[in-house]
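This report concerns only the one structure given below.
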Amino acid sequence: NNNNDASSTFTSPETMVYIEDTDAYGVMYNSNYLRAYERALFTFSIDNDNSNDDGNENSDNEPRTVVGGVVSLSRGGWSLVGATHQKFKASPPLGGSFVITGRLVDRSADGWSEVWDMVMTSPATATSTNDDNEYDDSIKDIVVYNSAMVTIVANGGASTRTNEQQTATILSPAPIPYLEELPESITCEHQFILQRDEFDAGMSTILSEHQNHEDGTPLRSITSSPHVPIRNVLNFFERSRSDFLGGPDMLRRMQTEGKIVWVVIRIDDCCLIGGSGGGDGDDKMTNQVEGANKGELDKIQHSAARDAGGGSDAYSNRYQCHPGQNVLVETNAKTSRRNMLFECRQTLYALEDSSSSLSSSLKHPCDRGDDEGKVRIAQAIITIMALDADTRRPTSNIPDWIVDILEGHDGNRV
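Counted the way the numbering used here counts, the sequence shown spans residues 883 to 1296.
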């Protein structure tokens, strides 16, 4: 693990909180914290990239040393694929601001993945005086809003500005086990449709055309991404939890009549399932195909997975979601602490159809659901807490009719 270079720590610029960042309760929406962390890392990667362009300012005019690591890949050539130990302590207010500090805590031996300790706080302000009642700018009032350990992974390996044919694949070293079902819990499922805007433009599946530098003939290359970004996965989980609790109208009734609001207080083991391993299969995926059509591209992808040797690289993340496809969220939940806490173990599945790019035989057995045609693509353990709607303090004083909903006695389970 090499985390002693100039890319080991950073502090983001101060960032304002806009209406687009908040939810119905006027606090920052839970998935937007990961979005903020991703943006902070991306801005840091741009700053590193620009500093490397500037060259060294010493008298010898030697080139500036290139900062190593995934986050330093040119123009953010990486993806945020996991988050855990995420704690929601407070929320920056609408119209307020925050800063994010990042610290590199681990880097894989091959340099393809990194784990960052991210913390969102209020900007430091000197508001205190010392014992002599004199203004002391070393005394700071700082509020910690959120913290998490996030994992970022290089997109298809080392990326450079001149490499026009890099793949946008996500790697994961080993199959991830299913979330264990909670004892004496309730499970329900909800289906949704993947919309076009739920794919990250920087990760979308595209067929791009380039000029061959040798003879000038147009060539095409495949860039593939099997998943919506993790921040949008959390949106699907939020919808499913809301429907689990009776829908948005029921949440409004809980707030106005029951004086209860529900907020996310912790996210653990949130990850995209299986990523591309950067092995032989990845090389096959970047083959240039002159005049390839959709059918030919599917054959290339099929052949790439088959020729990768049948190991985890062959199966991991060869499945591609597409706009208009149905996905399913399975939510397994249980209350605790006198119904004040509600733990939700949520898994996102893609429902296969005739337009899916790979056959069922190419999915990793660990990623297949109990039912044929269901492929696991993300999961997380999310804990929500009941707050008093007026005081916004934790409460276990929950009306019986809300308890009935939490325990599945309302008859509205899917």
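Where is the CB? At the ideal position from N, CA and C, for every residue including glycine.
None of these values were measured; they are calculated from a predicted model.
- Item | Backbone secondary structure at Tyr919 - three-state DSSP | Reading the sequence shown from its first residue, position 37 is the one you call residue 919. Of the three classes helix, strand and coil, the one that applies to Tyr919 here is helix, per DSSP.
- Message: Once DSSP output is grouped into helix, strand and coil, what is the label at Glu1080?
- Response: The residue you call residue 1080 lines up with position 198 of the sequence shown. If DSSP states are grouped into helix, strand and coil, Glu1080 belongs with the helices.
- Query: By a C-beta neighbour count over all protein chains shown, 10 Å radius and 16 as the cutoff for buried, is Val1285 buried or exposed?
  - Reply: Here the question's residue 1285 lines up with position 403 in the sequence shown. So Val1285 counts as exposed.
- Item | Rounded Cβ spacing between Ala1262 and Ile1147 (contact assumed at less than 8 Å) | If you number the sequence shown from 1, residue 1262 lands on position 380. If you number the sequence shown from 1, residue 1147 lands on position 265. The pair is not a contact, with the Cβ atoms about 14 Å apart (cut-off 8 Å).
- Using the C-alpha atoms, what's the distance from Thr983 back to Thr857? Only positions 883 to 1296 of the chain appear in this structure, which leaves residue 857 out of reach.
- For Val1145, verify whether its CB is less than 7 Å away from any heavy atom of the ligand NAD. No copy of the ligand NAD occurs in the structure displayed, which carries no ligand at all.
- Message: Per the DSSP calculation, Val1211 is bridged to which residue(s)?
- Response: Reading the sequence shown from its first residue, position 329 is the one you call residue 1211. The partner list for Val1211 (beta bridge, DSSP) reads His1072, Leu1230.
- Query: Is it the case that the Cβ atoms of Val1032 and Met1002 are separated by a distance below 8 Å?
  - Reply: Numbered from 1 along the sequence shown, position 150 holds the residue referred to as residue 1032. Numbered from 1 along the sequence shown, position 120 holds the residue referred to as residue 1002. Cβ distance not < 8 Å, so Val1032 and Met1002 don't count as in contact.
- Message: Taking 7 Å as the limit between beta carbons, can you name the residues of its chain near Gly1255, skipping five residues before and five after?
- Response: Reading the sequence shown from its first residue, position 373 is the one you call residue 1255. So the qualifying residues of the chain are Leu1233, Glu1234.
- Task: State yes or no: is the C-beta of Cys1152 within less than 8 Å of the C-beta of Thr966?
- Result: The residue given as residue 1152 occupies position 270 in the sequence shown. The residue given as residue 966 occupies position 84 in the sequence shown. Yes; because the gap between Cβ atoms is below 8 Å, this pair is in contact.
- Beta-carbon proximity list for Gly1173, same chain, < 7 Å, skipping 5 on both sides: One-based indexing of the sequence shown puts residue 1173 at position 291. Here Gly1173 scores only 42 on pLDDT, less than 50, and its place in the model is too uncertain to base an answer on.
- Item | Proximity of Leu916 and Leu976 at Cβ, strictly below 8 Å | Here the question's residue 916 lines up with position 34 in the sequence shown. Here the question's residue 976 lines up with position 94 in the sequence shown. Not a contact, by the Cβ cut-off of 8 Å.
- Please work out which residues of its chain come closer than 6 Å, Cβ to Cβ, to Cys1226, disregarding the five sequence neighbours upstream and downstream, and give them in chain order. For the purposes of this step, residue 1226 is taken as the residue at position 344 of the sequence shown. Excluding residues within five positions, the ones whose Cβ falls inside 6 Å are Arg1123, Thr1213, Ala1215, Ile1264.
- Taking Thr1217 as the reference, give the member of Ser1278, Pro1111, Phe970 with the closest Cα. The residue you call residue 1217 lines up with position 335 of the sequence shown. If we check each option's Cα against that of Thr1217, Ser1278 comes out closest.
- Query: Using CA coordinates, which residue listed in Leu1076, Val1035, Arg1220 is at the minimum distance from Phe1118?
  - Reply: If you number the sequence shown from 1, residue 1118 lands on position 236. Comparing Cα-Cα distances from Phe1118 to each of Leu1076, Val1035, Arg1220, the minimum goes to Leu1076.
- Distance, Tyr911 Cα to Ala922 Cα: The residue you call residue 922 lines up with position 40 of the sequence shown. The residue you call residue 911 lines up with position 29 of the sequence shown. Straight-line Cα distance between these residues: approximately 17 Å.
- Message: Buried or exposed, going by whether 16 or more other CB atoms sit within 10 Å of the CB of Val1026?
- Response: Counting from 1 along the sequence shown, the entry for residue 1026 is found at position 144. Its Cβ having fewer than 16 others within 10 Å, Val1026 is exposed.
- Leaving out five residues on either side along the sequence, give the residues of the same chain with a beta carbon under 7 Å from the beta carbon of Asn1294. Here residue 1294 refers to the residue found at position 412 when the sequence shown is read from its first residue. Because Asn1294 sits at a pLDDT of 48, beneath the cut-off of 50, its placement in the model cannot be relied upon, and the point is left open.
- Item | Which listed residue (Ile1142, Thr893, Gly964, Glu902) has its alpha carbon closest to that of Asn930 | Mapped onto the sequence shown, residue 930 falls at position 48. The residue with the shortest Cα to Cα distance from Asn930 is Thr893.
- Query: Just the Cα atoms here: how many angstroms apart are Phe970 and Ala991?
  - Reply: On the sequence shown, residue 970 is found 88 positions in, with the first residue counted as 1. On the sequence shown, residue 991 is found 109 positions in, with the first residue counted as 1. Going from the Cα of Phe970 to the Cα of Ala991 covers about 31 Å.
- For the alpha helix (DSSP H) that contains Arg1121, what are its first and last residues? Taking the first residue of the sequence shown as position 1, residue 1121 is located at position 239. It spans 1112–1126 - the alpha helix (DSSP H) in which Arg1121 sits, taken as one unbroken run.
- Query: In this structure, does DSSP put Trp1283 in helix, strand or coil?
  - Reply: In the sequence shown, residue 1283 corresponds to position 401, counting from 1. Helix, per DSSP.
- Item | Asp1270 to Thr1069 span [Cα, whole Å] | For the purposes of this step, residue 1270 is taken as residue 388 along the sequence shown, with counting starting at 1. For the purposes of this step, residue 1069 is taken as residue 187 along the sequence shown, with counting starting at 1. Computed Cα separation, rounded: 26 Å.
- Item | Rounded separation between Pro974 and Gly993 - CA only | Here residue 974 refers to the residue found at position 92 of the sequence shown. Here residue 993 refers to the residue found at position 111 of the sequence shown. About 34 Å.
- Message: Less than 8 Å between the C-beta atoms of Phe1074 and Pro1205, yes or no?
- Response: The residue given as residue 1074 occupies position 192 in the sequence shown. The residue given as residue 1205 occupies position 323 in the sequence shown. Not closer than 8 Å, so no.
- Measure the alpha-carbon distance for Ser1106 versus Ile1112 and round it to whole angstroms. Taking the first residue of the sequence shown as position 1, residue 1106 is located at position 224. Taking the first residue of the sequence shown as position 1, residue 1112 is located at position 230. Annotation note: pLDDT 47 at Ser1106 (below 50); position unreliable, no value reported.
- Would you report the Cα separation of Asp903 and Gly978, rounded to the nearest angstrom? For the purposes of this step, residue 903 is identified with residue 21 of the sequence shown, where counting begins at 1. For the purposes of this step, residue 978 is identified with residue 96 of the sequence shown, where counting begins at 1. So the alpha carbons of these two residues sit roughly 11 Å apart.
- Item | Reduced DSSP secondary structure (H/G/I, E/B, other) of Pro1276 | For this step, residue 1276 is matched to residue 394 along the sequence shown. Strand at Pro1276.
- Beta-carbon contacts of Glu1066 that lie in its chain and below 7 Å, excluding the five residues immediately before and after: On the sequence shown, position 184 is the one that residue 1066 refers to. Closer than 7 Å at the Cβ level, and outside the excluded window around Glu1066, lie Lys1216.
- Message: Considering only their Cβ atoms, is the gap separating Ile1280 from Asn1221 smaller than 8 Å?
- Response: By 1-based counting over the sequence shown, the position of residue 1221 is 339. By 1-based counting over the sequence shown, the position of residue 1280 is 398. The answer is yes: Cβ separation under 8 Å.
- Task: Figure out for me which residue from Thr891, Val899, Pro895 has the closest Cα to the Cα of Trp998.
- Result: Within the sequence shown, the letter at position 116 stands for residue 998. Nearest C-alpha to Trp998: Thr891.
- Between Leu1223 and the rest of its own chain, which residues show a CB-CB distance below 7 Å, the 5 nearest in sequence each way excluded? For this step, residue 1223 is matched to residue 341 along the sequence shown. Contacts found: Thr1217, Thr1265, Met1267.
- Query: Is the Cβ-Cβ distance between Ile1034 and Val952 less than 8 Å?
  - Reply: Looking up residue 1034 in the sequence shown gives position 152. Looking up residue 952 in the sequence shown gives position 70. Going by C-beta atoms, Ile1034 is nearer than 8 Å to Val952.
- Give a yes or no on whether the C-beta atoms belonging to Ala1260 and Leu1154 are separated by under 8 Å. For the purposes of this step, residue 1260 is taken as the residue at position 378 of the sequence shown. For the purposes of this step, residue 1154 is taken as the residue at position 272 of the sequence shown. The answer is yes: Cβ separation under 8 Å.
- Task: Give the range of the beta strand (DSSP E) segment to which Arg1219 is assigned.
- Result: Counting from one through the sequence shown, the residue named residue 1219 turns up at place 337. Counting along the chain, Arg1219 falls outside any beta strand (DSSP E), and DSSP gives it neither H nor E.
- Item | CB contact flag (Gln907, Val1110, <8 Å) | Within the sequence shown, residue 907 is the residue found at index 25, counting from 1. Within the sequence shown, residue 1110 is the residue found at index 228, counting from 1. Just to set this straight, residue 907 is Tyr in the shown sequence, not Gln. Contact: no.
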